[in-house]
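Heads up, the final residue of the sequence shown is numbered 77 in this note's numbering, and it's a clean run with no missing numbers. Written out below as structure tokens is the structure these notes cover.
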Amino acid sequence: MVAVLKPDATLSPVQLLDFLQPLLPHFCVPRYVVLSDTELPKTSTGKIRKTVLREADAPLGWDREHHGYKVTR
């Protein structure tokens, strides 16, 4: 999951998952979280260019399983 933060906003991956967990089924809570302060690449029609995000050489992001974050059912 890639989330773009507003300018001067602070948010940790744990805070984001704590917010999402009661709203989503347990299997939809993202395992990897990337928090960005720049806009996502978009096409001329305004859709997000997912291929650019997939092809980026960036690591997968913050891994909830590696950090011991438990999702309740």
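Quick reminder that beta carbons are idealized off the backbone N, C-alpha and C, glycines included.
H71 and P26 have their alpha carbons spaced roughly 20 Å apart. A direct Cα-Cα distance of roughly 12 Å separates D12 from T42.
With fewer than 16 other Cβ atoms inside 10 Å of its own Cβ, L64 counts as exposed. Approximately 19 Å separates the beta-carbon atoms of S48 and V8; this is outside 8 Å, ruling out the contact. With contacts defined by Cβ atoms closer than 7 Å, P45 and M5 do not form a contacting pair. Only buried fits P17, as 16 or more other CB atoms lie within 10 angstroms of its CB. When C-alpha distances from R77 are compared across V56, L24, A60 and K51, the shortest belongs to L24.
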